[in-house]
Amino acid sequence: MLKPDQIPAAVAAGGVYRNDANVAPSFSVGDRVRVKNHQPSGHTRLPGYVRLKEGTIAIDHGVFVYPDTMAHGNGETPQHVYTVHFDATEVWGDKGVAGDTVRVDLFDAYLERCE
Numbered sequence: 001m002l003k004p005d006q007i008p009a010a011v012a013a014g015g016v017y018r019n020d021a022n023v024a025p026s027f028s029v030g031d032r033v034r035v036k037n038h039q040p041s042g043h044t045r046l047p048g049y050v051r052l053k054e055g056t057i058a059i060d061h062g063v064f065v066y067p068d069t070m071a072h073g074n075g076e077t078p079q080h081v082y083t084v085h086f087d088a089t090e091v092w093g094d095k096g097v098a099g100d101t102v103r104v105d106l107f108d109a110y111l112e113r114c115e
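Structure (structure tokens):
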């Protein structure tokens, strides 16, 4: 636990959330994925507007600490983070512009492979 006088230095230094754990990726660039309907009662980094939407893995950023478990004191649970590209019309329906994309960085735990 940080003491009050340690907080300014800790904030200025920032955090390192990349993790060196040897975790195999669940997905590869180009894979089609669907976002799970993940609705925990506590903290999540999953934007509600992409739940149950389908997109394509564009980038694998590597392994990071999973904030959903860290926020509740349940450990780092390291996993891959991906940039997923969604068609704007998939996310926003008829309010989306055809040809535009929505790009969201998402953890492994939020995604499942499209069948």
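FYI, the UniProt record's numbering numbers position 53 of the sequence shown as 53, with every residue one higher than the one before it.
C-beta: ideal position from N, C-alpha, C; glycine also.
From the options, residue whose alpha carbon lies closest to that of residue i
i, options, result
"Glu115", "Gly55, Ala24, Val81 and Arg18", "Gly55"
"Thr69", "Ala109, Gly14, Gly48 and Arg113", "Ala109"
"Asp100", "Asn37, Arg113 and Glu90", "Glu90"
Exposure of residue i, with buried meaning 16 or more beta-carbon neighbours within 10 Å
i, result
"Leu111", "buried"
"Val102", "buried"
"Val11", "exposed"
"Ile59", "exposed"
"His80", "buried"
"Val84", "buried"
"Tyr49", "exposed"
First through last residue of the beta strand (DSSP E) which encompasses residue i
i, result
"Asp63", "At residue 63 the sequence reads Val, which differs from the Asp that was named. Start and end: Glu54 to Phe64."
"Thr77", "Taken as a continuous stretch (DSSP letters only), Thr77 belongs to no beta strand (DSSP E), as it is neither H nor E."
Cβ pair residue i, residue j closer than 7 angstroms
i, j, result
"Asn19", "Pro78", "yes"
"Phe27", "Ile7", "no"
"Glu76", "Val63", "no"
"Lys53", "Phe86", "yes"
"His38", "Ala71", "no"
"Tyr82", "Leu106", "yes"
Minimum Cβ-Cβ distance from residue i to chain C less than 7 angstroms
i, result
"Lys36", "Judged by its chain identifiers, the structure shown contains no chain C, having just a single protein chain."
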